[in-house]
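Colleague: The structure under discussion is supplied below as structure tokens; questions concerning it will follow.
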Amino acid sequence: MGAKQLKIGLRVRDLDRSAALYLRLGFREIPSDDQPDLRYLTFRNTWLILSALDSHGYDNTEREQLVRTGIRGLGVVLAIPVPDLDAAYELWQAEGLPITNERESVVWARIFSGLDPDGYEVTFEQFE
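See below:
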């Protein structure tokens, strides 16, 4: 399943919930029945690989402890272009997910930011 696209991996607590959320945002799933603890999603040429928090090894014990007890993804932001910012905002609210930056217009787009179910920061952009 090797490919030469940018791939971003996120460790998540609830694989099904996270996959369903990103699919509703326009990601597509690449079927991978032989790997039940992974979900391969794509958004244009970028892959988002979701892995169950407890199913894959860690580089070392210290990193594992930090991931399990700390804030996952601190300092990393996923920026997702959407055709309808208000619909994405309503989805985030309906899922009960935190909004960290309310909707606003900036020079290049309308945006808002929130945290996904595992605390990863996501910024949505609707280009004007």
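In terms of the UniProt record's numbering, the sequence shown opens at residue 1 and continues consecutively.
C-beta: ideal position from N, C-alpha, C; glycine also.
1. For Glu80 and Phe112, which I take to be in contact (beta-carbon distance under 8 Å), what is that distance rounded to the nearest angstrom?
2. Applying the 10 Å Cβ sphere with the 16-neighbour rule, what's the burial state of Glu108?
3. On the DSSP bridge assignment, give the partners of Tyr40 in chain order.
4. Whose CA, out of Gly119, Thr42, Ala20 and Val106, lies closest to the CA of Pro98?
5. Leaving out five residues before and five after Trp92 in sequence, what residues of the same chain have Cβ atoms less than 7 Å from its Cβ?
Modeller: Inspection of the coordinates gives the following:
1. Here residue 80 is Ile; the residue named in the question, Glu, does not match the sequence. No, Ile80 and Phe112 are not in contact; Cβ-Cβ is about 11 Å, not under 8 Å.
2. One point to set straight first is that residue 108 is Trp, not Glu, in the sequence displayed. So Trp108 ends up on the exposed side.
3. Ile30 and Ile49
4. Gly119
5. Ile99 and Gly114
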